[in-house]
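Novice: Numbering (the working numbering), first residue to last: 212 to 696.
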């Protein structure tokens, strides 16, 4: 029997606080009515709760603090990644405050489900045990299955939710099967004890199979190829607000969990999982870049773009070094703001109050909405890795870590695919600035979208200004991660 004390509660205070606020929001949603006003009230409370949790997180972490019998770990790494997850979720909720044309998901339970998913994401980042790992994944996934299908009058939204659920259940099954094999060999579900059990022992094939199954199950969560099949359809079929969330926060949480698992539980056998991550990275970069070129819908294009981005991040993770972990954290920092800024504009792609998500709908945007066109231009350049924007520095550090680890072919493939991927980003810029349209998008930019876009632009454009401090924080977080192994 495990006795819980204040030493357990204090490190997990942000998650406990958000869980309590989720229960409060259940009452607000139940007794506040069904109208848009109550939905807005619930969203505002959820956003305020995230701000409080953000303050708790930034002031909570110094050294490594295990809690709840070793199932939960609070350290500099978890603090860094939780800040990114909360910023991404906050941006998604802020953009949902605009109500025009969003009646399908303009319901109180939307923000409630997002808050519950956020708790799951934060627990994923701090999971230090196979049991807490699985419970956190399910707490994140179950609310997201629902919000993917919240557009009840859309067959495509229902299909997206069902497809996400079925393939998510399959990936969870793979993860559980792999975890059972790892537990059978190590005799423990604790990451630290698993790492100790692996030290100096010959690894039987059954353990290698279990490790591969676990990594493959997590690869589904970050949309890494070849486990990416669900991503384009779910992104396209889900409400755009939901797609914006899917593209940002869950990716950060899932890759954080993959880092915790590989550097922690499997930290002593990097040569075993390194080959798996190299294969996932190459497949994701190639399929993501080539797949995006063929898309005509911008949400599907962003889906393939996210697959490629996860491939770049995995290149840093495959290095298996503190520099690789630091590179992934720098990359994901830029990724959060690039994704938030891009979707703050994609959400405004409406014509006659209906979604207009074809890429050609961006024709002439520089003439009808010059500031939006400029914002999207910066985001596309950053995603393509053009210096001195945030995306360039992210790719620089992950590829540099790969080179330092001797993974020269992987780094070369990454650079080549970055050049190939620049094509579909430049295509959007060409449509906005060099082609005209007789049917412009609807005018008007909600204040929340302006704020999200403005903050994202400042971070992406001035990323190099705060790079020194960011590198210092990421280095401390990376060392904390490696020390947990």
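By construction, the Cβ of each residue, glycine as well, lies at the ideal position given by its N, Cα and C atoms. Only a predicted model underlies this, so the values are computations on that prediction, with no experimental measurement involved.
Shorter than 8 Å from the beta carbon of residue 674 to some beta carbon of chain C?
Specialist: Among the chains of the structure shown, chain C does not appear; only one protein chain is present.
Novice: With a CB to CB cut of under 7 Å and the five nearest residues on each side skipped, what residues in its chain are close to residue 628?
Specialist: Excluding its 5 nearest sequence neighbours in each direction, residue 628 has C-beta neighbours in its own chain below 7 Å: 496, 497, 500 and 519, listed in chain order.
Novice: How should residue 256 be labelled, buried or exposed, when 16 other C-beta atoms within 10 angstroms of its C-beta is the threshold for buried?
Specialist: buried
Novice: Relative to the C-alpha of residue 690, which residue among 440, 384, 471 and 251 is closest?
Specialist: 471
Novice: Taking a contact to mean a Cβ-Cβ separation below 8 Å, would you say residue 354 touches residue 239 in this structure?
Specialist: No, Cβ-Cβ distance for residue 354 and residue 239 is not below 8 Å.
Novice: Distance check for residue 322 and residue 226, CA to CA, integer angstroms please.
Specialist: 16 Å
Novice: Report the start-end ranges of each beta strand (DSSP E) in the segment 249-313 that is 3 residues or longer and not cut off at the edges.
Specialist: 276-278 and 283-285
Novice: Could you tell me the boundaries of the alpha helix (DSSP H) in which residue 407 lies?
Specialist: 402-409
Novice: For residue 372, which of 357, 382 and 260 has the nearest alpha-carbon?
Specialist: 357
Novice: Expressed to the nearest angstrom, what Euclidean distance is found between the alpha-carbon atoms of residue 237 and residue 327?
Specialist: Roughly 11 Å between the two C-alpha positions.
Novice: By DSSP, does residue 660 sit in helix, in strand, or in coil?
Specialist: It is helical.
Novice: Does residue 339 come out as helix, strand or coil in the three-state DSSP assignment?
Specialist: The answer is coil: DSSP assigns residue 339 none of H, G, I, E or B.
Novice: Leaving aside the five residues before and after residue 393 along the sequence, list all residues of the same chain whose C-beta is less than 8 Å from its C-beta, in chain order.
Specialist: 341, 405, 418, 421, 422, 425 and 476
Novice: For residue 245, which of helix, strand or coil comes out of DSSP?
Specialist: coil
Novice: Locate the alpha helix (DSSP H) running through residue 590, then write down its first and last residues.
Specialist: 581-595
Novice: Rounded to the nearest angstrom, what separates residue 278 and residue 222 at their Cα positions?
Specialist: 7 Å
Novice: Give me the Cα-Cα distance between residue 338 and residue 607, rounded to the nearest whole angstrom.
Specialist: 29 Å
Novice: I want to know whether the segment 591-602 touches the segment 532-548 - three or more CB-CB distances under 8 Å.
Specialist: With a cut-off of 8 Å, the segment 532-548 and the segment 591-602 count as touching, because enough Cβ pairs lie within range.
Novice: Taking the C-alpha atoms as reference points, what is the distance between residue 635 and residue 573?
Specialist: 13 Å
Novice: With a threshold of 8 Å, are at least 3 pairs of Cβ atoms found where one atom belongs to the segment 398-415 and the other to the segment 377-389?
Specialist: no
Novice: By alpha-carbon positions, which one of 455, 336 and 449 ends up nearest to residue 360?
Specialist: 449
Novice: Compute the beta-carbon to beta-carbon distance between residue 331 and residue 350, rounded to the nearest angstrom, for a pair I have assumed lies under 8 Å.
Specialist: 3 Å
Novice: Assign residue 677 to one of two classes, buried (16 or more other C-beta atoms within 10 Å of its C-beta) or exposed (fewer than that).
Specialist: exposed
Novice: Whole angstroms is fine: what's the gap from residue 267's alpha carbon to residue 571's?
Specialist: Their Cα atoms are separated by approximately 44 Å.
Novice: Which residues bound the alpha helix (DSSP H) around residue 222?
Specialist: Counting along the chain, residue 222 falls outside any alpha helix (DSSP H), and DSSP gives it neither H nor E.
Novice: In terms of residues, what are the limits of the alpha helix (DSSP H) holding residue 394?
Specialist: 366-397
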